[in-house]
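Visitor: Shown below is the structure under consideration.
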Amino acid sequence: MTLVVKLGSSIVAADDGELRVDVLDSVCAQVAALEQDGERVVMVTSGAIARGIRLLGLGSRPRAMDELQAASAIGQGDLFRAYETRLAERGTRSAQVLLTAADIAARTNYLNARQTLRRLIDWGVVPVVNENDTTATDEITFGDNDFLAAQVAILLDARLLVLLSNVEGLHEADPHTNPRAKPIAEVADFSALAGLRIEDRTSAFGSGGMRSKVAAAEMASEAGIASVICDGTRSDTLAGAAAADAVGTRFAAQAGKASSFKLWLKYAKPARGRVVVDDGAARVLRESGSSLLPVGVVGVEGEFEAGDAVEVSAGDGVLGKGIVDYSSRELAQVAGLKSDRVRELLPHAADEAIHRDRFVLV
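Quick note, our numbering runs 163 ahead of the 1-based positions in the sequence shown.
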C-alpha cells in the first residue's frame, strides 16, 4: 500500500522564501525510514514558485501568470534537488514527476500518470510530484497542491493521505488569530464542519490554506482513503501519522468507495457547460440511478461537444456531473423530445443524453 504526503509552501519555505532546511531534513529522513520499513511513499510538494521568488530576490509573490511561471521554472529544479539530495543521503532514490491540471482532467493522461507512478513505486523510487506550473495554461490554483495530492492519492488507491501544514491540525477557529482555539482530533462526518470558520491562506507564498486541505481530505475520504492534517515542522509527525498515532486531525475514510472513474469525473474533469433538467428527470437521477434522456432536458447552457463533461442542474441547483453524448447544439435541438422524435431528427444519436455509468451526483 502507498502513503501520499503533501508538503505545502509553509513547510518548504519560510516567509522570506528561504528553504526550511530543518523541516526538509526531518521529513526526508522520515520518508526514507518509512521506505526502508516497507512503506511505499509518494511526495507531493509545493514551493517551486516560492523558491524561484527567493532565488530572484523578488520579495513578494507575483500576480501576472508569466511571472509566476518564470519563477516556477527557476525554482523547480532547485527544489527537487533539495529532496533528491536529502533522500539519496539516506539511501533512497527519487524521481521528479510534473503534472498539470490537463493531465488530471484527460482520462488517458490520468491513466498514464497512474502507470508511471506505479512503475516508480515498484522500482522502490520515491516520486516527488509537483504541478508543472511552467506550462500550465490555467491559473496556478491547485489549492496549494492539496487538490493534486488528493488526486494522486485517489489514482494510486493510497492507504493514507498526510497533509503537512505549519499548524497542529484543524481547529475550531483559526489558531493564528485565536490562540485559545481548540484542536479537533478526529472528523468522522464532514457535515459537522459546516459552522467552522476555516481560513484560506497559510503563508506569504502559498496559495492554499486549511480550507483546501479539508477539501482534499473530503475527496480522499469519498475514495475510501483516510487523511491526516498535522504539523510538519515538528519532528516525527509524519511517522506518527503513518503509524496511526494521535497527531493532528485524522479524517475517517467513507465505508462505501466510489469507482475510480466516477471519482475522476467528479473531482478532476472540468465541466464545459450545463444541462438543465425537469423535476421528473432530477428525481430519477437522484433516486433511481437512471440515465438522462433528451425528453428530460429543459435547457442547455454554454458550448460543449459530445464527450465533454457538463453539470446537470434542476430548480434546486446543481445535482451532478456527467459525460454528455450530444453537443450543445444537438442537445438544444432535441431537448424535451421523446426518443422516436429524436431519432427522426438525429438518426445516429445516442438514446441517452448522459448514460448512468457516466454520471455522478455531487
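Each residue gets a CB set at the ideal place from its N, CA and C atoms; glycine is no exception.
The structure displayed is predicted, hence computed values, not measured ones.
With DSSP run on the structure shown, which of helix, strand or coil describes E515?
Guide: Residue numbering aside, residue 515 sits at position 352 when the sequence shown is read from its first letter. In the structure shown, the three-state DSSP call for E515 is coil.
Visitor: Comparing C-alpha positions only, which one of A378, N295, G372 and T271 sits nearest to F424?
Guide: Within the sequence shown, the letter at position 261 stands for residue 424. Cα-wise, what sits closest to F424 is T271.
Visitor: With distance defined between alpha-carbon atoms, name the residue in L456, V204, S451 and R504 nearest to V438.
Guide: Counting from one through the sequence shown, the residue named residue 438 turns up at place 275. Nearest of L456, V204, S451 and R504 to V438, Cα basis: L456.
Visitor: Please classify E230: does DSSP put it in a helix, a strand, or coil?
Guide: Stepping through the sequence shown from its first residue, residue 230 is reached at position 67. It is helical.
Visitor: Between which two residues does the beta strand (DSSP E) holding D394 run?
Guide: To locate residue 394, count along the sequence shown from 1; it is residue 231. Judged by DSSP secondary structure, D394 falls within the beta strand (DSSP E) whose first and last residues are A389 to D394.
Visitor: For N308, is the classification buried or exposed, using 16 other Cβ atoms within 10 angstroms of its Cβ as the cut-off for buried?
Guide: Counting from one through the sequence shown, the residue named residue 308 turns up at place 145. Counting Cβ neighbours within 10 Å, N308 comes out buried, since at least 16 surround it.
Visitor: Under 8 angstroms: do the segment 348 to 356 and the segment 464 to 473 share three or more Cβ pairs, one atom per stretch?
Guide: no
Visitor: Provide the residue span of the beta strand (DSSP E) that contains R413, from first to last.
Guide: Taking the sequence shown and counting its residues from 1, one reaches residue 413 at position 250. Note, R413: beta strand (DSSP E), T412 to F414.
Visitor: What residues are listed by DSSP as bridge partners for I486?
Guide: Numbered from its first residue, the sequence shown carries residue 486 at position 323. Answer by DSSP bridge pairing, in chain order: A472.
Visitor: Can you check DSSP and say which residues form a bridge with T208?
Guide: If you number the sequence shown from 1, residue 208 lands on position 45. T208 pairs with L170.
Visitor: Taking 8 angstroms as the limit between beta carbons, can you name the residues of its chain near V194, skipping five residues before and five after?
Guide: In the sequence shown, the residue the question calls residue 194 occupies position 31. Result list for V194: V168, V204, M206, L250, T255, V289 and L401, in chain order.
Visitor: What's the call for Q278, buried or exposed, on a 16-neighbour Cβ count within 10 Å?
Guide: As a first step, residue 278 is located in the sequence shown; it is residue number 115 there, counting from the start. With fewer than 16 other Cβ atoms within 10 Å, it is exposed.
Visitor: Please state the DSSP three-state secondary structure of A258.
Guide: Here residue 258 refers to the residue found at position 95 when the sequence shown is read from its first residue. In the displayed model, A258 falls within a strand according to three-state DSSP.
Visitor: Taking DSSP as the reference, what is the three-state secondary structure of T400?
Guide: Taking the sequence shown and counting its residues from 1, the one referred to as residue 400 is at position 237. If DSSP states are grouped into helix, strand and coil, T400 belongs with the helices.
Visitor: Cβ of I284 within 8 angstroms of Cβ of T165?
Guide: Taking the sequence shown and counting its residues from 1, the one referred to as residue 284 is at position 121. Taking the sequence shown and counting its residues from 1, the one referred to as residue 165 is at position 2. Yes.
Visitor: Where does P346 sit, in a helix, a strand or coil, going by DSSP?
Guide: If you number the sequence shown from 1, residue 346 lands on position 183. In this structure, P346 counts as strand in the three-state DSSP scheme.
Visitor: Rounded to whole angstroms, what's the CA-CA distance from G287 to V184? Just pull it up for me.
Guide: As a position in the sequence shown, residue 287 is number 124, starting the count at 1. As a position in the sequence shown, residue 184 is number 21, starting the count at 1. Cα-Cα distance, rounded: 25 angstroms.
Visitor: Mind checking whether G215 and S235 have CB atoms under 8 angstroms apart?
Guide: Mapped onto the sequence shown, residue 215 falls at position 52. Mapped onto the sequence shown, residue 235 falls at position 72. In this structure, S235 lies closer than 8 angstroms to G215 by Cβ.
Visitor: Nearest-angstrom Cα distance between S223 and Y430?
Guide: Residue mapping note: residue 223 aligns to position 60 of the sequence shown, counting from 1. Residue mapping note: residue 430 aligns to position 267 of the sequence shown, counting from 1. Looking at the two C-alpha atoms, the distance is approximately 31 angstroms.
Visitor: May I have the straight-line CA-CA distance separating H130 from A495, to the nearest angstrom?
Guide: Residue coverage of the chain in this structure runs from 164 to 525, which leaves residue 130 outside it and unanswerable.
Visitor: For M382, collect the residues of the same chain with a Cβ closer than 6 angstroms to its Cβ; drop the 5 residues on either side in sequence, then sort them by chain order.
Guide: Numbered from its first residue, the sequence shown carries residue 382 at position 219. Taken in chain order, the residues that qualify are A313 and Y430.
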